[in-house]
Amino acid sequence: MNRNPKLGLIASAAAALAALLVGIGALTQRATPPKAAEHATVAGWPRVIPVEGGTVSIPAPPHAIASFANAIDEMLFDLVGTRRVALITDLSADPRYGFASDRAAAFPPERRIDYSYGAAERIVSLHPDLVITTPWTDASTLSQIERQGIPVLRLDGFE
Numbered sequence: 018m019n020r021n022p023k024l025g026l027i028a029s030a031a032a033a034l035a036a037l038l039v040g041i042g043a044l045t046q047r048a049t050p051p052k053a054a055e056h057a058t059v060a061g062w063p064r065v066i067p068v069e070g071g072t073v074s075i076p077a078p079p080h081a082i083a084s085f086a087n088a089i090d091e092m093l094f095d096l097v098g099t100r101r102v103a104l105i106t107d108l109s110a111d112p113r114y115g116f117a118s119d120r121a122a123a124f125p126p127e128r129r130i131d132y133s134y135g136a137a138e139r140i141v142s143l144h145p146d147l148v149i150t151t152p153w154t155d156a157s158t159l160s161q162i163e164r165q166g167i168p169v170l171r172l173d174g175f176e
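Everything in the sequence shown is counted per the working numbering, starting at 18 for the first residue and increasing by one.
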């Protein structure tokens, strides 16, 4: 059997993300995403996700998710819709790089980021209740975000 190991890893990452977000789509959507702590009593939460080197605790259903990769942007659009996504990569709106460029193009420039200098401050200013990233995201940026109490979920399989 001829299998592509990268495709398997991406499928595993997508399955982990889907498992995390199961049931969120049925929750009431709001124009201004509330902080996760305001919903700490929702059944089935908090969720503790095992990750390499430990766990990530997500206290409540995320309503404002920041993404650090095109593939994550696209999965989020399909799993939770665009209203629950607070921030996407700027390349997602470019049809040369993103398969969901039509949906990404609807995001205003202030909700797209190229993750250059100052990315942590910009992300924190949007008050996400979850950041989903890849293994190659700058560790110091993620550390700054985590110090603000924002859960960071690093997905493997995007090499």
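For every residue, glycine included, the Cβ atom is placed at its ideal position computed from N, Cα and C.
Put Pro67 into one of helix, strand or coil per three-state DSSP.
strand
Alpha carbon to alpha carbon, how far is Ala86 from Phe124? Give it in angstroms, no decimals.
15 Å
Top-ranked residue by Cα proximity to Val102, from Asp111, Asp90, Ile167
Asp90
Neighbourhood of Ala137 by C-beta distance below 7 Å, restricted to the same chain and skipping five residues each side:
Thr158, Gln161, Ile162
Put Leu172 into one of helix, strand or coil per three-state DSSP.
coil
Could you spell out the range, first to last residue, of the alpha helix (DSSP H) harbouring Val102?
Val102 -> not in any alpha helix (DSSP H); beta strand (DSSP E) instead, spanning 102-106.
Please report the straight-line C-alpha distance between Pro152 and Leu170, rounded to a whole angstrom.
10 Å
What is the DSSP secondary structure of Arg139, reduced to helix, strand or coil?
helix
Where Pro145 and Ser84 are concerned, what is the direct C-alpha to C-alpha distance, given to the nearest angstrom?
10 Å
Please check the pair Leu147 and Ile75, which I expect to be a contact at CB under 8 Å, by giving their CB distance rounded to whole angstroms.
6 Å
At the level of alpha carbons, what is the spacing between Val68 and Pro79?
18 Å
Per DSSP, what are the beta-bridge partners of Ile82 in this structure?
Val102, Leu147
So, is Ser109 buried or exposed, given that buried needs 16 or more other C-beta atoms within 10 angstroms?
buried
Could you pull out every residue in the same chain whose Cβ sits closer than 6 Å to the Cβ of Val73, ignoring the five residues on either side in sequence?
Ile66, Pro168, Leu170
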